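Notes to accompany the following structure.
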Amino acid sequence: MYKYVIGLMSGTSLDGLDIVYVRFETENLQNFQILASESLPYQRKWQNRLKEAFRLSADELADLDVELGKFFANLVRRFIEKNQINQIDLIASHGQTIFHRPEKGYTIQIGSGAHINVLTKIKTVADFRTQDVALGGQGAPLVPLGDRLLFSQYDYCLNIGGFANISFEKNNERKAFDICPANIVLNHYVKKMGFDYDNKGNIAREGKINITLLDELNALTFYNDNHPKSLGWEFVTEKILPLIDKFNLKIPDILRTYVEHIAIQITNKINCGTVLVSGGGAYHTLLIEQIENYSKAQIIVPEKELIDFKEALIFALLGLLRDEDKINILASVTGSKFDHSSGVIFDAFAHF
Numbered sequence: 582m583y584k585y586v587i588g589l590m591s592g593t594s595l596d597g598l599d600i601v602y603v604r605f606e607t608e609n610l611q612n613f614q615i616l617a618s619e620s621l622p623y624q625r626k627w628q629n630r631l632k633e634a635f636r637l638s639a640d641e642l643a644d645l646d647v648e649l650g651k652f653f654a655n656l657v658r659r660f661i662e663k664n665q666i667n668q669i670d671l672i673a674s675h676g677q678t679i680f681h682r683p684e685k686g687y688t689i690q691i692g693s694g695a696h697i698n699v700l701t702k703i704k705t706v707a708d709f710r711t712q713d714v715a716l717g718g719q720g721a722p723l724v725p726l727g728d729r730l731l732f733s734q735y736d737y738c739l740n741i742g743g744f745a746n747i748s749f750e751k752n753n754e755r756k757a758f759d760i761c762p763a764n765i766v767l768n769h770y771v772k773k774m775g776f777d778y779d780n781k782g783n784i785a786r787e788g789k790i791n792i793t794l795l796d797e798l799n800a801l802t803f804y805n806d807n808h809p810k811s812l813g814w815e816f817v818t819e820k821i822l823p824l825i826d827k828f829n830l831k832i833p834d835i836l837r838t839y840v841e842h843i844a845i846q847i848t849n850k851i852n853c854g855t856v857l858v859s860g861g862g863a864y865h866t867l868l869i870e871q872i873e874n875y876s877k878a879q880i881i882v883p884e885k886e887l888i889d890f891k892e893a894l895i896f897a898l899l900g901l902l903r904d905e906d907k908i909n910i911l912a913s914v915t916g917s918k919f920d921h922s923s924g925v926i927f928d929a930f931a932h933f
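Laid out in structure tokens, this is it:
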């Protein structure tokens, strides 16, 4: 039996909305096929609005939640029309994280699932993280269950997106945690030069490592905390950016130093086995080179589609599992009280 799911992923790097159309064989989930995929870049106005959304009032954030949900719905409808899709069981939408404070008991992803459902007339699963936080978990990372079910042939799954995170099996349990901020910091600085990202790390290659800054970054207490642990934009604005900015460095030097920081933090956690790399950082040639320099692990960069759309693929899977009332969040990963099935199902047209 097959199920057809559209997965939506909008990450902290604010590159845009990743959309995948996936066919899952329900009896053997590793037998999946990405039938269509597209990454739709955000216009500068959307990037700026989402980046600054944490400063909004409650009313303004509620308005943005609805507006973003409608925007996502329109993109999905265009995607369906463009790819002539006529069989869809559900949409699974991660939403856009604005606040992530599990230690205070909340996490907020906007992009109204109710409006996606109503405007597309397709059952929609959204808000995957809130229930886990209420259960005492970090609400993140959620991708590791998909790593276990879809990519068990690798010892580690490493995603380098806005944040770098890792998942792996230990003592028959899936373990996972955020390692460090990654593209969210690199892109912040390269945008000051008029670019969206540092293509292949070419700008960083022109810079020099500032050892003092590198040492201070590596000394941040988060890196010694036990997992489960997760990161949000707040950590970047409160800890990382002020630390970097006090050095008044040229941007290539900032990028080169921070690339080294990411590579060191990743290889502190991975030094053996096979590592599947996904996320935009897989294209950062300098970063991959430095990870390989520091680590004895075999670093595997897969085909472009999997690099770009692995998270959207896995959220499609998480939505499918939620719709079937199956476990889609692991307590061993998030630290919640128990494994559970999380996500809010919006199905306004179920009885029509």
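Heads up, the sequence shown is in the working numbering, so the first residue is 582 and it goes up one at a time. Glycine included, C-beta positions come from ideal geometry on N, C-alpha and C. From a predicted model like this one, the values you see are computed outputs, not experimental measurements.
Check: A639: buried (16+ other C-beta within 10 angstroms of its C-beta) or exposed?
Finding: Result: exposed.
Checklist line | Spatial distance of M774 from P683 (CA atoms) | finding: Cα to Cα, the separation comes out at about 34 Å.
Item checked: Pick from V766, I741, G743, D736 that is closest to E754, judged by C-alpha positions -> Among V766, I741, G743, D736, the Cα nearest to that of E754 belongs to D736.
Note to self: How far does the alpha helix (DSSP H) with F653 in it extend, from its first residue to its last?
What the structure shows: Boundaries of the alpha helix (DSSP H) around F653: 639-663.
Margin query: Would F660 and I600 qualify as a contact pair, given that the criterion is a beta-carbon distance under 8 Å?
Written below: For the 8 Å CB-CB criterion, F660 and I600 form a contact.
Checklist line | N-terminal and C-terminal residue of the beta strand (DSSP E) that Q690 is part of | finding: Taken as a continuous stretch (DSSP letters only), the beta strand (DSSP E) holding Q690 covers 687-691.
Margin query: Beta-carbon within less than 7 Å of Y875's beta-carbon, same chain only, minus the 5 sequence neighbours each way: which residues are those?
Written below: Excluding residues within five positions, the ones whose Cβ falls inside 7 Å are A844, I845, T848.
Margin query: Please list the terminal residues of the continuous beta strand (DSSP E) segment that includes F605.
Written below: In this chain, the beta strand (DSSP E) harbouring F605 covers 597-606.
Checklist line | Separation of I790 from V882, as counted between CA atoms | finding: Each residue's alpha carbon lies about 26 Å from the other.
Next item on the list: Grab me the residues of G980's own chain with a C-beta within less than 6 Å of its C-beta, minus the 5 sequence neighbours each way, in chain order.
Entry: An answer regarding residue 980 cannot be provided, because it is not within the stretch 582 to 933 covered by the chain.
Next item on the list: Could you tell me the distance, in whole angstroms, from the CA atom of I703 to the CA atom of I895?
Entry: Taking C-alpha positions only, I703 is separated from I895 by approximately 19 Å.
Next item on the list: Can you grab the Cα-Cα spacing for the pair R729 / A800, in whole Å?
Entry: Approximately 32 Å between the Cα atoms of the pair.
Note to self: Between the region 805-824 and the region 897-906, can you find at least three pairs of beta-carbon atoms closer than 8 Å?
What the structure shows: Flag = no, the region 897-906 and the region 805-824 do not touch.
Margin query: Quick check on the burial criterion: 16 or more other C-beta atoms within 10 angstroms. Buried or exposed for F605?
Written below: Result: buried.
Checklist line | Where N698 falls, given that 16 or more other Cβ within 10 Å makes a residue buried | finding: With 16 or more other Cβ atoms within 10 Å, it is buried.
Next item on the list: Figure out for me which residue from L767, L723, N783 has the closest Cα to the Cα of A757.
Entry: In this structure, L723 is the residue among L767, L723, N783 with its C-alpha nearest to the C-alpha of A757.
Note to self: Just to confirm before moving on: does the CB-CB distance between P762 and V914 stay below 8 Å?
What the structure shows: Between P762 and V914, the C-beta gap is not smaller than 8 Å, which leaves the two residues out of contact.
Notebook entry, point to check: By Cβ distance below 6 Å, which residues in the same chain neighbour T705 in space, the five residues on each side in sequence not counted?
Noted result: Cβ neighbours of T705 beyond the five flanking positions: I672, G694, I697, N698, F927.
Next item on the list: Decide if P622 is buried, meaning its Cβ has at least 16 other Cβ atoms within 10 Å, or exposed.
Entry: With fewer than 16 neighbouring CB atoms inside 10 Å of its own CB, P622 falls in the exposed class.
Notebook entry, point to check: Is the beta carbon of L656 less than 8 Å from the beta carbon of I691?
Noted result: For L656 and I691, no; Cβs fall outside 8 Å.
Check: According to DSSP, is N525 helix, strand or coil?
Finding: One cannot answer for residue 525 here, as it falls past the ends of the chain, which runs 582 to 933.
Check: In the DSSP assignment, what are the bridge partners of M590?
Finding: DSSP, once it has assigned bridges, lists D599 as partnering M590.
Check: Under a three-way DSSP split, which group does I790 fall into?
Finding: Coil.
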